[in-house]
Structures are given as structure tokens and as C-alpha cells.
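Chemist: Protein chains in written order, with the UniProt record's numbering: chain A, 1 to 281; chain B, 1 to 337; chain C, 1 to 324; chain D, 1 to 329.
#1: Hey, out of 46(D), 86(D), 285(D), 305(D), whose CA is closest to residue 64(D)'s CA?
#2: With 8 Å set as the bound, which would you pick, yes or no: does the beta-carbon of residue 130(A) sit closer than that to a beta-carbon of chain B?
#3: In terms of residue numbering, what span does the alpha helix (DSSP H) encompassing residue 94(A) cover?
#4: Output, in sequence order along the chain, the residues in the region 157–174 of chain B whose CB is closer than 8 Å to any CB in chain A.
#5: Determine which residues of the region 179–213 of chain C have a Cβ less than 8 Å from any Cβ of chain D, and write them out in chain order.
#6: Nearest-angstrom Cα distance between residue 188(C) and residue 48(C)?
#7: Is the region 94–107 of chain A touching the region 212–219 of chain A, taking contact as three or more C-beta pairs under 8 Å?
#8: By Cβ distance below 6 Å, which residues in the same chain neighbour residue 182(C) in space, the five residues on each side in sequence not counted?
#9: Are the C-beta atoms of residue 279(A) and some chain B residue less than 8 Å apart?
#10: Can residue 178(B) and residue 162(B) be called in contact, C-beta distance under 8 Å?
#11: With C-beta atoms as the reference, is residue 82(A) less than 8 Å away from residue 250(A)?
#12: Smallest Cα separation from residue 215(B): which of 110(B), 57(B), 334(B), 8(B)?
#13: So, do the region 325–336 of chain B and the region 37–57 of chain C have three or more beta carbon pairs nearer to each other than 8 Å?
#14: Could you please give the first and the last residue of the uninterrupted alpha helix (DSSP H) stretch that includes residue 117(A)?
#15: What does residue 240(C) reach in chain D if we use C-beta pairs closer than 7 Å?
#16: In the region 250–263 of chain A, which residues sit with their C-beta less than 8 Å from some C-beta in chain D, listed in chain order?
#17: When we look at the beta-carbon of residue 238(A) and count the other beta-carbons within 10 Å, is it buried (16 or more) or exposed?
#18: Tell me the DSSP secondary structure of residue 300(B) in three-state form.
#19: Smallest Cα separation from residue 26(C): which of 290(C), 275(C), 318(C)?
#20: When you compare the CB positions of residue 198(C) and residue 208(C), do they come within less than 8 Å of one another, or not?
#21: For residue 118(C), report the span of its alpha helix (DSSP H) as first-last.
#22: Would you list the one or two residues that DSSP bridges to residue 10(C)?
#23: Would you please verify whether the beta carbon of residue 218(C) is less than 8 Å from any beta carbon of chain D?
#24: Check whether the Cβ of residue 57(D) lies closer than 8 Å to any Cβ atom in chain C.
#25: Between residue 238(A) and chain B, is the shortest Cβ-Cβ distance under 8 Å, so that the two count as touching?
#26: Is the shortest distance between the beta-carbon of residue 241(B) and the beta-carbons of chain C less than 8 Å?
#27: Taking the CB atoms as reference points, tell me whether residue 178(A) and residue 265(A) lie closer together than 8 Å.
#28: Secondary structure at residue 158(B), three-state DSSP: helix, strand or coil?
#29: Okay, do the region 146–156 of chain B and the region 260–270 of chain B touch, 3+ Cβ pairs below 8 Å being the bar?
#30: For residue 225(C), which of helix, strand or coil comes out of DSSP?
#31: If we count the other Cβ atoms within 10 Å of its Cβ and call it buried at 16 or more, is residue 6(A) buried or exposed?
#32: For the beta strand (DSSP E) containing residue 14(D), list its first residue and its last residue.
#33: Taking Cβ-Cβ distances shorter than 9 Å, what residues in chain A pair up with residue 292(B)?
#34: Check the C-beta distance from residue 69(A) over to residue 141(B) and give it rounded, since I have them as a contact under 8 Å.
#35: With a floor of 3 residues, list each beta strand (DSSP E) that falls wholly inside the region 148–180 of chain C, ordered by position along the chain.
#36: What does residue 244(B) reach in chain C if we use C-beta pairs closer than 9 Å?
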């Protein structure tokens, strides 16, 4: 494990990803302290609307005169919180499903994987939109919808890993010395599948932030006056091309955070994959 | 081969049936009263009851399920709440626009993605490789709706090189609708000016939509080529004196694209998702804008139909992907039978 | 034909840059393959036999250095002169028939591509010749075999395909890398018999790399024994097997189940290529090593009968426990 | 012959049979009616080419693969007819060493933890006792106790084989099934491993079932040998007799094919590849490749019959085969 961590940090690209993610976590944790105008989350100042970037407002102000930098900082917290809850919830469903379906080879596992396939057959966004619409739009609904659409990815990943490990020689050897399936699954298969799950989760964080932003942009996620990044981009559309800074900075925030998770995920994948490990030397 | 195709189509049917069931379950299991949701916030109990009766929500659940399945199988999705026209008709009108856009994007991402992935793999750990790696990670990090707006800002509003929105210059009118695919219809109408306009309108949406796919394809092609290059048969081919170009561009690439082709199938879902946002920004009159409209106006039937149509398209694409794979790698078809 | 060898490896050294330092994989290796003869190269894993073969075929991995030596084929140095590259004139039979053919192309097309680059004639000529070759290697239904994919052949048939590929450009020399290791014994025997027959019929020279002394005995006229990148001993196969002279060869043959009086093994392990001992590379494991053995690599000593051994103490008896 | 420690009667093992929701895979009989008896303290060799069912037979004896029919008797007790977990518990006296013991270790666990786990599964949970037994066993296989702190990938091939043996020996088995214990090893390492196996057998009073395709090794280390072809044992006898006077045509072909140091050419070769288990020939399974086949061979499956005391052959024509005395090499 420590060897993998060293390898990860030695790779400049994934180290950069880790730095971005840690930075975002820091910003989210101290958002009220870091934001120049923390009250701008909800207050509006119509006299100073749509000001271009300046020393006073580094990212400019929006259509309600709110400081965009402050709102970008404040939006980090909800972006991370949404992504984390969605990924954790998706893991809570997907891992047990994948583990069971991968380990057993009967009609139940067939049914589980068919259900997973069906979920995968509908584009996530459409499914999330449909779910969101059926249960009153809002950020909580969006989170439930995203979790319900993302778990199949974990199920697939864990299924594939479990199938691979099930025929691994060391699992066979454990069965050979009389180990119970529960021991093999929990102490051996699951830990061996974890690197793949971790990679999937990291990438899932980035993916969820993106999708949540799309939902916000389309008006079925976060609702005003929440400092949601996607929502901000949507609000900015009416004020183009004059207020170019208005959509630019929230969008860059999305890009940076998602990039951080993707870089980290990519590095983790290489660190965890022994085949690529060899080729990257 | 024909047997393989038929078999593959038959295998897709359970998944489609599962989708029908899933849409039903989701629409009934979700918290809250769907009738109340459909009726809107200001509805009176009487209105809610009316809607419940109208949608058959007051019947026993199994009866609802049978009605649902029968309606979906016969393509009877009812009328849109929003426009009052049959949902099927509306979708038939909009589907070609979305397909045209997604296929254009797919073409762009496949062509450039495969080329970039190949070049990166051949320059393993070199500067080109790092650049493509960054691009392939960055391409997946950009929110499509934001990229669309930024491109509009630069290329339409600022530079005024490309049209801002829509599928066609309004002053040109529209060609007679034959296929619904504008690129085809303008050609059939013999209107090169219209074709040019349609192409110009397509550039920004297609590029926006293509970027994530390009990133994915470049990434998988790269790793596929790298993996194939390590195989014994490559060493053997080198020892036997294959030419370098042929080795990389044909011999190895064909093995690598089996992975890529699978990704194209999976990508199609992401493309449709992306199309929702991209169509919204570019006012593209396709399924994506229709879906958003349906959501914002709580048009349950329209949304159900969109979900089903997208599921069917997705299934068709994946059957095509499997057939393509069987054509590339003869072992695939034999494993199936 | 003169007695000039068809292939001569002269004082070849191959080093490889690795993370652990410079790996001296081959050091001052010489061997010769006379026309029409079958020469074996034998040794345990890590002895450098695969690298030797890759150097001859011109497919050394990236990062490989050739600090010295030459490989002459038909008189020309194919290491120094890329234009003299002997592809086509040197056929290659790889180790693993299951992995050496690209699964997504027809086996016949893969061989025709080699012929397109290295054999004269039209595609039609090539096809006709290939069918004839398929018959020569006893592939069932030669015409149909052209159209089949690799996975549609059994392991033994695939190795026949690869032998046909090796012969497709009328080579003077065929280089084979343990071509029977992946096969069952009955199939191995057939492939060995086929190689023997083809070599005789076509007056081919054969360079055969193996770790199996039994295969060596069945096929090769002469043998070169490698240890840790150096030649330990060379000579006619029967003579070397019946009366090995290098301490390594003697100990190794004593480990063979057909021969071992007792299963002794050899103390120690083969050194890593990045940490080769000074002097004779076998001396840390050698029961008759003397202090001087650690000073300089022993030069080969010529023995009667065309033999050579890289050990000045080859005449000494091994102590009893080692050959107990 | 003394009372066997491990015996099988009419053992049938089917592989790959599965009923899913949408597919049904037919089963193949990888082992089809095998009788064998392993005497206590001997090394019983099973030889055959790839796909002959020797590994499946071993896994069935072990209990990892449930038998479709037949009976397995261990130390006089019938231990067949149970699902794998119960079968393994019942047959704790039988243990198995994989062909690639390095891959048989969990890559994320230190070797010591893996060794202790085996003890824990078998009810030895006291830390001190675990450690004492591990140290003792590591010494027995010629490894330093510090080796327990290593991860599997930090071990050499020879060390991995020794750890694989230690892991089994900790459980105090009586019968050890060795699956290709020398495959992929260099000659000098192979000799050391074989020597270690012999020492351990003497020291712990073990019985070996030795699966190998290397006839030279089998001849060297086994007391008795069974030759398998397409899921059947076609000949069985003492190693000395079987190698000197092979009776079954397949055994003859197999022995003739094995290369020898003396390089002699040994008779005609065996044409063709072994047929697939999915298309087992009628009658004698070997008859399509047999040079001595007569119409009877295609019609009737030969039953094993004694050719000499302790030597059985399943062939209609073994009496007609030329008796060829092979010299001992």
C-alpha cells in the first residue's frame, strides 16, 4: 500500500490532482472565513450588479450584485458535499450488489446484473432528470436521483473484480484449506477489490460534480439563491456577451475541481493496476 | 454472422423489457403522490383526484402495470401535457435532430480520439503522450454546458464566425422534410447554401458534445495500443520483419480498437446526456430540449417516452457495437454461439 | 560451401539499462552455426539465451546497448549494417504458439504479409507457395487453413503454422526459441521430428534455444551452454552431455532426473544481471573455485573433439558431496 | 497391498454445467469413472497431457470440486457426497499445493499472516502457539523465520514454493496433493524442491499424490503411477514396472515421446491432438489415435484388468502388444 502511495505522489500529474482536491476540501471547510463577502450567499446588492473583475471583486459581481468569488468559494462546500453523499450512497448499494452477484453464480446474480444493465442502459442524466421530476425538483431529490443512477457503476466494477478474484488462485487456496466463504469475501476479496472501487469512487466524485452542475444549470437541482456553480452559469446566460466573467469563473471552478478528482483517479488507477505499473516505469 | 446478429438482438430484448418495468416501478415507488406532483403545487384535491383517474392511478397496482406495459409496447404514450399533441409524433419530429448531432459528435470523437490515442501510445511517456493524457483527463472535466457557452461567447458573440444557435439560418427557410436529418434533406432538396448553413450551425454543438467522447476514446485507444504492443504477437511480427507503420497502424490498432469500440457503446449514453445540456444552450430542437421542457412542465408522458426511446436507441447502438466487435475479432462471435 | 559458418556471433556483449542499474545480460559470447547444422543454446532462466536470440533477430528491447561484438550472417555484420538486415533470410519460430499470432487476423494473411515484404513474387505466387508449405508442415487441409483464424487451430497446429511462416521466405537459417515448451510431450515430439526432417530436406541451419537437455539431445548437433550471460561450455551435443567439463554443466546435468544419482541441486542462485560477480561468474557457487577464479573471466580452453570450456580447472574432479 | 489411506471408486466429476436465467451450459465429464487407491506413505503419481483431467481429479479428491458420482474413502471413512465446505472440513487430512504457490497467496497479506490464517481456520487461535508452529514449519522447509514479514511478491520462485508447502504442513495433513510441483522451475531449483519434498515426506510421514506431466520427474520420485487419458485412468502400476513395461498403447506413446538425455529415438510417434472432452470417442477413448485399434475398440469401452499383480490396464489388446523391455536410463 505504501509503495502504491509513493508511486502516486511521485507522479506529478496525480500529485497535482491530490493537491487540487485537498485545496478544495480546505476551501470548503473554511468557506465562511475565506470568502470576502460571506453574506453574499443570500443577500443582493442591486446597485453594484454586473461589475467586471476588479481589486474589490476579483471575479466581478453577478446580476444581483453579489461577489462571484465569494459565491464560488461558498459553492465549493455544497459541490463536495453533494458529490460525497452521492458517491457514498451509490457505494452502499453498488458494492454489496456487485459482491454478491460476482461471487455467486445463480439466478439471483443473473437478475441483479440484469437490473444493473437496465439502469446502465438509460443515460444517467435522463434517468436523474426523470427521477428528479417525479419527486419534486430540489437539491435533495437531485442527490437521491444521482445516487440511484450511479450505483450500477460500482456494482459493475465490484462484480468484475469479484469475478476475477473468485477464480484467483489465492482464493482457491483459501477454499482449499477450508476457509468459509464469508471469510474469503470480507477479508480477501473485498480488500483486493478496494483499489478498483477507490478509483471508481474518485472518478465518480468528478462525474457527480459535473452532473449535479448540469442539473443546476437546467434548473432541476439547486434552487436560487443557493451559490451553486451550475445555477450561476445558467443565470449568467441572459447577460452575455457583456458580463463574460459571470459564467466564466463558476465554470472554471467546476473544471478545476473535476479535473482534480480525475487526475487523482487516473493516478490511482495506474498505481493500483499492476499491469500499467510495469509500463509506466 | 446472421445468427450472431439475431442472437444479439434477442439478448437485448430482456434489457428493454426491464426498462419498461423499471420506468413503471420508478414512477410508482418514488416518494410522494405522483398525481399531486403532476397536478402542480396549486392543485386542489379535486384536481388531483381527476388527474389520478385520468392516469389510471386509482386502479390496482398490477392493473396499472399491465396498462403501462401495453401502452409502451404499442407505442401509445398519450398526448403531451405541454403541447397537447401525441408524444410519439413529437418525438419522431425531434429524434433526427438529436441523432444527427450525436452521430456527428461520435464521428468527430472517434476519428480524433483514435488518432490521438495511437499517437500518444507510440510516443509512450514522451511529450505527445503527456499532452494527450492531460487532454483526455481535462476533456472529461469540462462541463459541456459551460464549454458551449464559452464557445458561443468566443466564436459567435465575439468573433462572429459561427452562428449562435439553431440548426439553420432562418432567412433560408427549411428544406422539405423527408428524413428529418437536415444534412440529408438539404442535399435531397438540392440546396448547397442550406447544407452549408446546416453544417456551420452544427460545428459548435458537435465539437462541444464530442470533447468528452474524444477524451474517453483517446484514453482507451492509448491503453489498448500500449497493451497490444506488449503482446508476444507484436514481438513475433517485429522479428518476422513487419514494417513499423503497418505494425502500429493496422496490426496493433485492430486489437486496440476492440476496447475502443466497447467504449463507443458506453459513450452513447454519455452523449445523449451531454446532448440534453448542449441542445439547451444551442436551442437545438432535439430530444434533449424536449426532455428539459417535459421536466419543467411536469410532462410525465413525454418524459417516459423520451426515456424509452433513448433506451431503445442505446440498445440498438450496443447491438451495433457488438456486431462491429464480432467483425473485428472473430472470437467474439464464436464465444456467443 | 566453404566451412565458413552461416551465422557467427563474435564476442557479443549486450547490456540493458534498468532501474536497478546496468544489467550485463550478455558478455563476450561467441558461437557459430555452420551451414546445414543444428546448434543448440541451453541454459537456465536468466542466462541470456533469449537476449542472444533477440540480438540475432534485431529486436532487442529499447535501452539495450551493444558495447562490443558482431553478429555475422552470410559474412556480413548484421548488427553494424542495418541495410544488411537479414530478415527473410533468417526464419523465426517463437516459444508460444498460442500468443504469437494476432488473434484478429487470419493466420494465412499474417504469413502472407511477411512474404509480401521479404519474398519475391506476386500475392498469387505467395499463396501457392504457402499452401505448399502448409502441406510440408503437415497441416490438415492446407487450402482451408489459409482462411482460418489462429484460435481455430490447436496448439500443435499453430506451431506448424509458425514453422511454415519461418520457412516462407526461403531462409538459410531458422532460429527457434523453445518452440515446444508450451506443448504436450506427444505434440512436442511431432514438432521436433518435423523440424529435424525439414532441416534435412532443405539443408537448413537451425539455432535452437532451449532449457531442456532432453530436447537438445533429440535435435542438436552441437551445443553452447550459457551461464549468467557467458559461455560456459561448447561442443558436440553428445560429447557435452556424456562428459560435461565445466563445473556448472556437470552440476546441472547431475540435477537431471534421468541422470541424478541424488537430487542435489546447485547451492546458491543465478546472480542478478545487475550484480554479476567479478571473474568467473560461476565461482561463488562452484565447489572447486579457487581464489584466482574471482579475478578475471576465464578464457575458453580448447579441448579435443571441437570442444571448448571456460574453466581452467575443467580436469579437476568435483568433490563427492556435490555429486553424491 | 495395505489398506489405502485415500481411495476413490467410480469417481465422476462434471465441470461447467450451469443453469442461469438465460443460458444453460452443458457439463463435460472431466473425470469419468476413476478408481484409485493411494497407500499410506507412498508417492502416487498421476500423469497425462493437458486436459486429461488430472487436476480435476485432484480437486475432487480434495473436495473443492463436488463429485457427480462415485465414492471417496479417506482412512476407511466415506467422505464423499457433501458440498465443498463440508467436504473440506471432513478431509482436513488431505491438503493441496498449487502449481503456482506464489499466486496462491493473498498479495495484500504478509506471508506470516497468511500462515496464521490457516491455523486460525483450523482452530488454532492462540497467538503464541501460532507463532511457535509457524517458526518450526518455516525451519522445516528451509526458510528463515524473518520470511514471515515479507509480502508474496518479495519472494523468489523457490521461496514461494517453500511457503506454499509450509502453509499446508502447518495444518498437519496426512495426504498432500502436489499439482505440477516442478512446472516452470529450472533444473537446479527443481532438484532442490524434489529433495525437500522427499525429506518432508520422511519427516512428517506424508503421503503424496504427485501430479505431473514430466515423466522423468515422475519416474524419479513416484512409487506408483496412474496414466490418465480423457478423464480415465488407462494404466496403473508401480513406477518401476510401468516405465519398464508399459502395457497400454497410450502409455507407450507417452513414454516414447518424452525426450531423454541419451537422445535415443524411441519408436513411432502419436498422431493427432487429444480429442475434446466435448466429443469423447465411443468405445475405447484412445482408439482413434491407436495404432493397434481393432473394430472391438470402437464398439466397446475396455474395463481395467490386472496385467500383473498391482498393475492394471484398460485396453482390449494389451496382451497383443509387443513386450519391449525399456532399459533403465
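Positions of the beta carbon are idealized from the N, C-alpha and C atoms, including for glycine.
On a predicted model such as this, the values are computed, not experimentally measured, just so you know.
Modeler: In short:
#1: Here residue 64(D) refers to the residue found at position 64 when the fourth chain is read from its first residue. Residue 86(D) is the option with its Cα nearest to residue 64(D).
#2: Translated into the one-based positions of the first chain, residue 130(A) becomes position 130. Yes, because at least one Cβ of chain B sits closer than 8 Å to the Cβ of residue 130(A).
#3: If you number the first chain from 1, residue 94(A) lands on position 94. Here the alpha helix (DSSP H) through residue 94(A) covers 68–103.
#4: Answer in chain order: 157, 158.
#5: Among the residues of the region 179–213 of chain C, those with a Cβ less than 8 Å away from any Cβ of chain D are 184, 185, 186, 187, 188, 189, 190, 192, 193, 211, 212, 213, in the order of the chain.
#6: The sequence position of residue 188(C) within the third chain is 188, counting from 1. The sequence position of residue 48(C) within the third chain is 48, counting from 1. When rounded, the distance between both Cα atoms is 24 Å.
#7: Fewer than three beta-carbon pairs drawn from the region 94–107 of chain A and the region 212–219 of chain A are found closer than 8 Å, and the two stretches are therefore not classed as touching.
#8: Numbered from 1 along the third chain, position 182 holds the residue referred to as residue 182(C). Counting only Cβ-Cβ distances below 6 Å, and skipping sequence neighbours, we find 96.
#9: Locating residue 279(A) in the first chain gives position 279, counting from the first residue. Low confidence applies to residue 279(A): its pLDDT is 34, below 50, so where it sits in the model is not reliable enough to give any reading.
#10: Numbered from 1 along the second chain, position 178 holds the residue referred to as residue 178(B). Numbered from 1 along the second chain, position 162 holds the residue referred to as residue 162(B). Residue 162(B) is positioned such that its CB atom lies no closer than 8 Å to that of residue 178(B).
#11: For this step, residue 82(A) is matched to residue 82 along the first chain. For this step, residue 250(A) is matched to residue 250 along the first chain. If you check the CB distance, residue 82(A) and residue 250(A) do not come in under 8 Å.
#12: Here the question's residue 215(B) lines up with position 215 in the second chain. Considering only alpha carbons, the answer is 110(B).
#13: The region 325–336 of chain B vs the region 37–57 of chain C: no contact.
#14: Position 117 of the first chain, counted from the start, is the residue given in the question as residue 117(A). Taken as a continuous stretch (DSSP letters only), the alpha helix (DSSP H) holding residue 117(A) covers 107–121.
#15: Your numbering for residue 240(C) matches position 240 in the third chain. What residue 240(C) touches in chain D: nothing, since even the nearest Cβ is about 11 Å away.
#16: From the region 250–263 of chain A, no residue has a Cβ closer than 8 Å to chain D.
#17: Stepping through the first chain from its first residue, residue 238(A) is reached at position 238. Classification for residue 238(A): exposed.
#18: Position 300 of the second chain holds residue 300(B). Of the three classes helix, strand and coil, the one that applies to residue 300(B) here is helix, per DSSP.
#19: Here residue 26(C) refers to the residue found at position 26 when the third chain is read from its first residue. The option with the nearest alpha carbon to residue 26(C) is 275(C).
#20: As a position in the third chain, residue 198(C) is number 198, starting the count at 1. As a position in the third chain, residue 208(C) is number 208, starting the count at 1. No, Cβ-Cβ distance for residue 198(C) and residue 208(C) is not below 8 Å.
#21: Residue 118(C) sits at position 118 when you count from the first residue of the third chain. Here the alpha helix (DSSP H) through residue 118(C) covers 107–118.
#22: On the third chain, residue 10(C) is found 10 positions in, with the first residue counted as 1. Partner residues in the beta bridge of residue 10(C), as assigned by DSSP, are 70(C).
#23: Your numbering for residue 218(C) matches position 218 in the third chain. Chain D places a beta carbon closer than 8 Å to that of residue 218(C), counting this residue as a contact.
#24: Here residue 57(D) corresponds to residue number 57 of the fourth chain, with the count starting at 1. For residue 57(D), the answer is no, since every Cβ of chain C falls outside 8 Å of its Cβ.
#25: Taking the first chain and counting its residues from 1, one reaches residue 238(A) at position 238. At a cut-off of 8 Å between beta-carbon atoms, residue 238(A) makes no contact with chain B.
#26: To locate residue 241(B), count along the second chain from 1; it is residue 241. Chain C contact via Cβ: present.
#27: For the purposes of this step, residue 178(A) is taken as residue 178 along the first chain, with counting starting at 1. For the purposes of this step, residue 265(A) is taken as residue 265 along the first chain, with counting starting at 1. Residue 178(A) is not a Cβ neighbour of residue 265(A), given a cutoff of 8 Å.
#28: Here residue 158(B) corresponds to residue number 158 of the second chain, with the count starting at 1. Under the three-state reduction of DSSP, residue 158(B) is assigned to helix.
#29: Two segments are said to touch when three or more pairs of C-beta atoms, one from each, lie closer than 8 Å; by this definition the region 146–156 of chain B does not touch the region 260–270 of chain B.
#30: On the third chain, position 225 is the one that residue 225(C) refers to. Note: residue 225(C) maps to strand in three-state DSSP.
#31: Taking the first chain and counting its residues from 1, the one referred to as residue 6(A) is at position 6. Of the residues assessed, residue 6(A) falls on the exposed side of the cut-off, its CB having fewer than 16 other CB atoms within 10 angstroms.
#32: The residue labelled residue 14(D) in the question sits at position 14 within the fourth chain. Element bounds for residue 14(D): 4–15.
#33: Looking up residue 292(B) in the second chain gives position 292. Residues of chain A with a Cβ closer than 9 Å to the Cβ of residue 292(B) are, in chain order, 129, 218, 219, 220.
#34: By 1-based counting over the first chain, the position of residue 69(A) is 69. By 1-based counting over the second chain, the position of residue 141(B) is 141. Beta-carbon to beta-carbon, residue 69(A) and residue 141(B) are separated by about 21 Å, too far to satisfy the 8 Å threshold.
#35: DSSP runs (the beta strand (DSSP E)) wholly in the region 148–180 of chain C: 173–177.
#36: Residue 244(B) sits at position 244 when you count from the first residue of the second chain. The contacting residues do not exist; residue 244(B) stays about 11 Å from chain C at best.
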